[in-house]
Amino acid sequence: MTDRAPTEADIQLAQRAVIVHHGESWPHGDYCRNCRAPFPCRLARWGRRVLTYAGYTEAAVAALIAECRHTGRAPWSAPST
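Each residue of the sequence shown is one higher than the one before, counting from 82 in the numbering used here.
Below, the structure is given as structure tokens:
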């Protein structure tokens with residue numbers, strides 16, 4: 082990450098990363114549901130870092146993930162018409 086503030090595109094990619102790359106518990110540990118790497122995977126860590134730098138709190142990130150799972154609509158998708 083550079084010293085510049087995240088752009089809107091950076092924030093959208095970070096939102097996508099934390100929603101898509103989430104952990105799943107297995108008997109032998111927690112793994113990313115998307116890439117199967119040990120959780121938190123590289124993209125999950127990057128997404129949280131960008132969102133934190135943009136001013137998101139841990140609670141806001143958790144709410145973003147929960148809202149997407151509840152509604153089934155991602156924040157980066159266009160509204161339905």
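All C-beta atoms, glycine included, are put in the ideal place defined by N, C-alpha and C.
Note that the structure is predicted; figures quoted are calculated from it, not measured.
Assuming residue i and residue j make a contact with CB atoms under 8 angstroms, what is their CB distance in whole Å?
{"i": "H109", "j": "C122", "result": "Wrong, their Cβ atoms sit about 16 angstroms apart, outside the cutoff."}
Strictly by DSSP, which residues pair up with residue i?
{"i": "E105", "result": "Y112"}
{"i": "P119", "result": "Y112"}
So, at 8 angstroms on beta carbons, what are the nonlocal neighbours of residue i in its own chain, with the 5 sequence-adjacent residues on each side left out?
{"i": "P119", "result": "G110, D111, Y112, C113"}
{"i": "I146", "result": "V99, I100, H103"}
{"i": "C149", "result": "I100, A155, P156"}
Please return the same chain residues whose Cβ sits closer than 6 angstroms to the Cβ of residue i, not counting the five positions on each side in sequence.
{"i": "T133", "result": "none"}
{"i": "A135", "result": "P87, I92"}
Kindly indicate which three-state DSSP category residue i falls into: helix, strand or coil?
{"i": "A135", "result": "coil"}
{"i": "R150", "result": "helix"}
{"i": "A125", "result": "helix"}
{"i": "D84", "result": "coil"}
{"i": "A141", "result": "helix"}
{"i": "A95", "result": "helix"}
Would you kindly work out how many angstroms separate the C-alpha atoms of residue i and residue j, rounded to a whole number?
{"i": "E105", "j": "C116", "result": "11 angstroms"}
{"i": "W127", "j": "A95", "result": "7 angstroms"}
{"i": "A90", "j": "T152", "result": "22 angstroms"}
{"i": "V131", "j": "W107", "result": "27 angstroms"}
Kindly list the residues whose CB is nearer than 7 angstroms to the CB of residue i, restricted to its own chain and excluding five residues on each side of it in sequence; keep chain order.
{"i": "R129", "result": "V99, V142"}
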